[in-house]
Amino acid sequence: MRFRLRYLHHDLELSEGQFAVGRSAACQLSLDDPLVSRRHALLTVSPDGVTVEDLQSRNGVVVNGERITGRVALNPGDRIVIGSQELTLLEARESARRQTASHEMGKRTLPKFPAAPELMGAAERSSSNPPDLTGESDAEPSMVRRADAFNLLGSVAEKALAMGRADEAERLLASPLADVVEASRAGKRLSPWLVDMAAKFAAKLATATAKGAWADYVIELYDAQVRPCPAQVVDELYGAFRRVNAIDLARLRSYLGRLREKQATFGPAEKFLLQRLEGLERLAALR
0 MRFRLRYLHH
10 DLELSEGQFA
20 VGRSAACQLS
30 LDDPLVSRRH
40 ALLTVSPDGV
50 TVEDLQSRNG
60 VVVNGERITG
70 RVALNPGDRI
80 VIGSQELTLL
90 EARESARRQT
100 ASHEMGKRTL
110 PKFPAAPELM
120 GAAERSSSNP
130 PDLTGESDAE
140 PSMVRRADAF
150 NLLGSVAEKA
160 LAMGRADEAE
170 RLLASPLADV
180 VEASRAGKRL
190 SPWLVDMAAK
200 FAAKLATATA
210 KGAWADYVIE
220 LYDAQVRPCP
230 AQVVDELYGA
240 FRRVNAIDLA
250 RLRSYLGRLR
260 EKQATFGPAE
270 KFLLQRLEGL
280 ERLAALR
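The sequence shown maps to residues 0 to 286 in numbering that gives the first Met the number 0.
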């Protein structure tokens with residue numbers, strides 16, 4: 000049996016594995032709630048079912064109105080209250096089952112965002128599914144958790160943005176996005192797929208919220224990678240730059256300077272992306 004978790008009127012498809020829930024950005028599901036402990040509860044999903052465990056939280060975990068102790072098995076329809084947040088376990092839809100069944104047997108793969116087309120450009124892949132980051136022996140464990148978080152929350156954020164609920168999408172994505180940029184600043188190894196996914200969501204948030212800080216976030220990520228933004232991220236940035244007023248022009252120019260130093264090694268596609276980024280510089284200078 001496959002499962003989904005209903006939260007904030009949206010459904011999160013659950014794949015096999017463990018999902019920490021808490022206020023910490025290191026949790027797969029981060030809840031912005033003062034009543035939630037940093038690591039509050041642990042959901043474990045297996046072919047046999049789902050269990051929830053209270054991680055010695057301050058306010059406990061309540062299942063169907065009763066505070067639990069230890070690990071408790073869940074059934075579809077059970078209501079889990081963590082802090083002031085209510086989640087409901089449901090059986091997965093048939094479409095989700097078919098998608099999961101098509102994944103490679105014996106591997107824990109990351110499901111494709113239902114509402115998020117893959118990015119194009121240097122990181123474009125022929126596969127219809129995102130890469131299995133757990134298979135990279137030198138991948139940072141925290142980055143594998145962030146990939147899980149994007150897959151868990153990404154489709155919900157996409158739906159919130161489509162419905163004009165930018166604040167809700169921003170709240171859902173703030174913690175995993177912050178974790179990615181902090182890891183980048185610390186010099187940790189980041190998967191190109193994870194960078195592109197984080198940048199895509201940050202660019203969408205910049206457009207939806209008109210906050211220049213999210214556009215600056217995108218530039219900072221790719222400056223650290225020293226590669227051009229993929230085409231779809233650049234497209235989103237053009238929309239964002241027309242809405243926001245406060246762009247860090249010095250950061251953008253520094254990024255472009257680093258790219259120009261490498262452009263002799265670029266292929267035609269990367270050179271074209273550089274030209275489009277230079278157009279962003281001109282647009283930002285006019286704001």
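Quick reminder that beta carbons are idealized off the backbone N, C-alpha and C, glycines included.
A direct Cα-Cα distance of roughly 54 Å separates A263 from G48. For the pair L13 and W192, the Cα-to-Cα distance works out to about 21 Å. In terms of CA proximity to I79, T50 leads the group T50, F149, R57. For the region 182-232, the continuous alpha helix (DSSP H) assignments of 4+ residues that do not extend past its boundaries occur at 191-208, 211-224, in sequence order. Shown here, Q84 sits in a strand according to DSSP, grouped into three states. Taking 8 Å as the cut-off, the Cβ atoms of L236 and A202 count as close. Between A198 and A205, the CB-CB gap reaches or exceeds 8 Å.
Secondary structure at D31: coil, using DSSP grouped into helix, strand and coil.
Per DSSP, reduced to three states, the secondary structure at S45 is strand. By the Cβ rule, the region 150-158 does not count as touching the region 179-194, because fewer than three pairs are nearer than 8 Å. The three-state secondary structure of T50, taken from DSSP, is strand. Under the three-state reduction of DSSP output, V155 falls in the helix class. In this model, C228 and A72 are separated by some 45 Å (Cα to Cα). Here D222 has R250, S253, Y254, R257 as same chain residues with Cβ atoms under 8 Å from its own Cβ, once five neighbours each way along the sequence are excluded. With a cutoff of 8 Å on beta-carbon distance, Q17 and L41 are scored as near each other. In this structure, I81 lies near H39, with their beta-carbon atoms less than 8 Å apart.
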